[in-house]
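Residue numbers (my numbering): 302 to 840.
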């Protein structure tokens, strides 16, 4: 009977399947998930309906106690590889101590099968829109001077939650476009303190003076840059405004001082100011009648070290990211302490997740992963990332589920917690899955059994339950050695199709239905970067 139900769910016409699901108790709201999820939900509708009763009761009791929906804080780290945290076997044993982050993980939930997109801009699209970047027309990393950015027609998690009555704010690395129309203050955030680019331009000054005062060796920087003035003269691209303060409806202005000036000290100054503002914001909004949403895309990364934490105990002095992580570790603790001091920790979900794997172009001045591949790859080392969730009194401590979680899920989960699922657009596909059940009920209650891994505009791999197949064009026939059981072999070292032959047909069905729905809901076409012309280096 189970096999029959499963097959019938997978083979129903898409419109019929969607209509059937939307009519059952406990079903997803009327936004448009991808068709493989609709099939999985049809299979589990009775179980999920019962779970939803438990979840709704817990959330209703919490709202009654605090008088408002839960606060939500998403922390997006930069280029931190799977295995880098102390709780994963990294930490001080690799010269990158993360004691406070490890404490967060053990006080809540640490995920072992959590995934992001392969690089910076795509992951920021995923967490903000709940959609794979390929659907938005923004396919790859944005570089200084590009006029491309996140379309105003995309609806961000900040816009969804704003519509539901939330205060919204962001700090850190925006990296979704430089033009005002792409800026966070015009994408749903009431307040934004942000840098537009990746961290690279801070390392582009023509003078080598920056190396003299650097806290550790910088071995792989950008030596051929002619300087900001000459660069502007040659290209018309102005890099002098490195960061902005934006307010919804009021525009933006440049950040003044060291935090807003390109150079080796900017990122550390920017991060210090960010945590100062974040804790002040939490104290202020704790007294507000409205809940808050914070998106903190930290600039902690491998391009520059932290002078303040360079000599911390166990910090690898050759690895700039190690001292940056030490600084970030302290900043996260400040945030959690503030939530506790204000008496709102129980009403605040905090999720910490990395945006992609490590950027080995700068190794050893970079992060690391135990898995094969790195930033820019759809191998596990590029897309499987550390993630933790903390919510005292709501998430049971010391959990380590193996359920699959994807960065897009944070969008949909926030909408569910904020009572805003009806604010999610239904004229496009939303890839994110509501994972409230996983957070509140624990391991085995995740609602995702598969995911697609895109590299730019190309589908690179599919994970289905424990199996992963890399898509290789042109050879025909069976996928051969690009087929892995990533539960048994997370390092993707032993590609073997034959032990998993039974999974081939379900994966083909998932792929077929995914592609069919794209025909009904086509990807947004990029108006700037021609197809096949995008640059996709590891940055």
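Each residue gets a CB set at the ideal place from its N, CA and C atoms; glycine is no exception.
Nothing here was measured: the structure is a model prediction, and the numbers come from that model.
Check your understanding: Helix, strand or coil: how does DSSP classify residue 337 here?
Key -> In the chain shown, residue 337 corresponds to position 36, counting from 1. Under the three-state reduction of DSSP output, residue 337 falls in the helix class.
Practice item. Measure the C-alpha to C-alpha separation of residue 619 and residue 607 and round it to an integer number of angstroms. Key: Numbered from 1 along the chain shown, position 318 holds the residue referred to as residue 619. Numbered from 1 along the chain shown, position 306 holds the residue referred to as residue 607. Their Cα atoms are separated by approximately 12 Å.
Review point. Is it buried or exposed for residue 802, if we count other Cβ within 10 angstroms and need 16 for buried?
Key: For this step, residue 802 is matched to residue 501 along the chain shown. Exposed: under 16 other Cβ atoms inside 10 Å.
Point to revise | Distance, residue 561 Cα to residue 572 Cα | key: Taking the chain shown and counting its residues from 1, one reaches residue 572 at position 271. Taking the chain shown and counting its residues from 1, one reaches residue 561 at position 260. The alpha-carbon atoms of residue 572 and residue 561 are separated by roughly 11 Å.
**Study point:** Distance between residue 735 and residue 746 (C-alpha atoms, nearest Å)
**Key:** Within the chain shown, residue 746 is the residue found at index 445, counting from 1. Within the chain shown, residue 735 is the residue found at index 434, counting from 1. Between residue 746 and residue 735, the C-alpha separation is close to 11 Å.
**Study point:** Three-state class that DSSP yields for residue 795 in the structure shown
**Key:** By one-based count along the chain shown, residue 795 stands at place 494. Three-state result, residue 795: coil.
Practice item. Please go through the same chain and pick out, in chain order, the residues whose beta-carbon is closer than 7 Å to the beta-carbon of residue 825, but skip the five residues on each side of it. Key: Residue mapping note: residue 825 aligns to position 524 of the chain shown, counting from 1. Once the five neighbours on either side are set aside, the close Cβ partners of residue 825 are 436, 437, 438 and 452.
Exercise for review: Could you round the C-beta distance between residue 689 and residue 368 to whole angstroms and report it? I think they count as a contact, below 8 Å.
Suggested key: For this step, residue 689 is matched to residue 388 along the chain shown. For this step, residue 368 is matched to residue 67 along the chain shown. 28 Å between Cβ atoms; not a contact.
Exercise for review: Would you give the residue range spanned by the alpha helix (DSSP H) that residue 811 belongs to?
Suggested key: Looking up residue 811 in the chain shown gives position 510. Under the DSSP assignment, residue 811 falls in the alpha helix (DSSP H) whose first and last residues are 805-821.
Check your understanding: With DSSP run on the structure shown, which of helix, strand or coil describes residue 668?
Key -> Along the chain shown, read from residue 1 onward, the residue named residue 668 stands at position 367. DSSP places residue 668 in coil when its eight states are reduced to three.
Point to revise | Below-9 Å beta-carbon distance, residue 706 vs any chain B residue | key: You won't find chain B in this structure, because it holds only one protein chain.
Check your understanding: Is residue 332 helix, strand or coil by DSSP?
Key -> Position 31 of the chain shown, counted from the start, is the residue given in the question as residue 332. In this structure, residue 332 counts as coil in the three-state DSSP scheme.
Exercise for review: Just grab the DSSP bridge partners of residue 825 for me.
Suggested key: The residue you call residue 825 lines up with position 524 of the chain shown. Paired residues: none, contrary to the question.
Point to revise | Nearest neighbour of residue 466, chosen from 589, 339, 667 and 397 [CA to CA] | key: Here the question's residue 466 lines up with position 165 in the chain shown. Among 589, 339, 667 and 397, the Cα nearest to that of residue 466 belongs to 589.
Review point. What are the uninterrupted segments assigned as beta strand (DSSP E) that are 3 or more residues long and contained completely in the region 582-615, given in chain order?
Key: Segments of the beta strand (DSSP E) lying fully in the region 582-615: 593-598.
Check your understanding: Is residue 496 helix, strand or coil by DSSP?
Key -> By 1-based counting over the chain shown, the position of residue 496 is 195. Residue 496: strand per DSSP, three-state reduction.
Practice item. Using 10 angstroms around the beta-carbon of residue 788, count the other beta-carbons present and answer buried if the total reaches 16, otherwise exposed. Key: Taking the first residue of the chain shown as 1, we reach residue 788 at position 487. The residue is exposed, with fewer than 16 neighbouring Cβ atoms inside 10 Å.
Check your understanding: Which same chain residues, not among the five before or five after residue 639, have their C-beta less than 7 Å away from its C-beta?
Key -> Here residue 639 is taken as the residue at index 338 of the chain shown, counted from 1. Correct list, in chain order: 580, 583 and 584.
Check your understanding: Under the DSSP definition of a beta bridge, which residues are partnered with residue 555?
Key -> Counting from one through the chain shown, the residue named residue 555 turns up at place 254. Answer is 545.
Check your understanding: Considering only the beta carbon of each residue, do residue 657 and residue 419 sit closer than 9 Å?
Key -> Against the chain shown, residue 657 aligns to sequence position 356. Against the chain shown, residue 419 aligns to sequence position 118. In this structure, residue 657 sits near residue 419, with a CB-CB distance shorter than 9 Å.
**Study point:** Selected residue, minimal CA-CA separation from residue 766, among 331, 337 and 332
**Key:** Translated into the one-based positions of the chain shown, residue 766 becomes position 465. If we check each option's Cα against that of residue 766, 337 comes out closest.
Practice item. Assuming residue 416 and residue 752 form a contact by the criterion Cβ under 8 Å, report the distance between their Cβ atoms to the nearest whole angstrom. Key: Residue mapping note: residue 416 aligns to position 115 of the chain shown, counting from 1. Residue mapping note: residue 752 aligns to position 451 of the chain shown, counting from 1. Contact between residue 416 and residue 752 holds: CB atoms are separated by about 6 Å, below the 8 Å threshold.
**Study point:** Inter-stretch contact (C-beta, 8 Å, three-pair minimum) for the region 540-551 and the region 477-495
**Key:** Cβ pair count under 8 Å is three or more, so yes.
**Study point:** beta strand (DSSP E) runs contained entirely in the region 369-431, provided each spans 3 or more residues
**Key:** Qualifying beta strand (DSSP E) stretches, in chain order: 372-378, 410-412 and 414-416.
Practice item. Apply the 10 Å Cβ neighbour rule to residue 723 and answer buried if 16 or more other Cβ atoms are within range, or exposed otherwise. Key: If you number the chain shown from 1, residue 723 lands on position 422. Exposed, since its Cβ has fewer than 16 Cβ neighbours within 10 Å.
Exercise for review: Report all residues from its chain with a CB closer than 7 Å to the CB of residue 414; omit the five preceding and five following residues, and keep chain order.
Suggested key: Within the chain shown, residue 414 is the residue found at index 113, counting from 1. Same-chain partners within the cutoff: 703, 704, 705 and 706.
Check your understanding: Looking at C-alpha atoms only, which residue of 490, 536 and 532 is the closest neighbour of residue 854?
Key -> There is simply no residue 854 to check, as the chain begins at 302 and stops at 840 in what is shown.
Review point. Under the DSSP definition of a beta bridge, which residues are partnered with residue 345?
Key: Residue numbering aside, residue 345 sits at position 44 when the chain shown is read from its first letter. None, per the DSSP bridge assignment.
Exercise for review: Could you spell out where the alpha helix (DSSP H) holding residue 473 opens and where it closes?
Suggested key: In the chain shown, residue 473 corresponds to position 172, counting from 1. Residue range 468-474 is occupied by the beta strand (DSSP E) that includes residue 473, with no alpha helix (DSSP H) assigned at that position.
Check your understanding: What does a CB cutoff of less than 7 Å around residue 732 pick up in its chain, not counting 5 residues either side in sequence?
Key -> As a first step, residue 732 is located in the chain shown; it is residue number 431 there, counting from the start. Correct list, in chain order: 335, 431, 432, 433 and 709.
Check your understanding: Excluding five sequence neighbours on each side, which residues of the same chain lie with their C-beta closer than 7 Å to the C-beta of residue 399?
Key -> As a working note, residue 399 is residue 98 in the chain shown. So the list reads 386, 387, 392, 626 and 630, once near-sequence residues are dropped.
Exercise for review: Just the C-alpha distance for residue 327 and residue 346, rounded to the nearest angstrom, thanks.
Suggested key: Within the chain shown, the letter at position 26 stands for residue 327. Within the chain shown, the letter at position 45 stands for residue 346. With a pLDDT of 40 at residue 327, under the threshold of 50, the modelled position of that residue is not reliable, and the figure given next carries that caveat. Across the structure, residue 327 and residue 346 are spaced so that their CA atoms are roughly 7 Å apart.
Practice item. Within the same chain, show all residues whose beta-carbon is closer than 6 Å to that of residue 406, passing over the 5 residues directly before and after it, in chain order. Key: On the chain shown, position 105 is the one that residue 406 refers to. Apart from the 5 residues on each side of it in sequence, residue 406 sits with its Cβ closer than 6 Å to the Cβ of 388 and 689 in its chain, given in chain order.
Review point. For residue 648, which residues from the same chain have a beta carbon less than 7 Å from its beta carbon, with the 5 sequence-adjacent residues on both sides left out?
Key: Reading the chain shown from its first residue, position 347 is the one you call residue 648. These residues qualify, in order along the chain: 363, 367, 371 and 372.
Practice item. Could you give the DSSP three-state label for residue 633: helix, strand or coil? Key: As a first step, residue 633 is located in the chain shown; it is residue number 332 there, counting from the start. For residue 633, the secondary structure class from DSSP, reduced to helix, strand or coil, is helix.
Check your understanding: When DSSP builds the beta bridges, which residues end up paired with residue 700?
Key -> By 1-based counting over the chain shown, the position of residue 700 is 399. In DSSP, residue 700 forms a bridge with 410.
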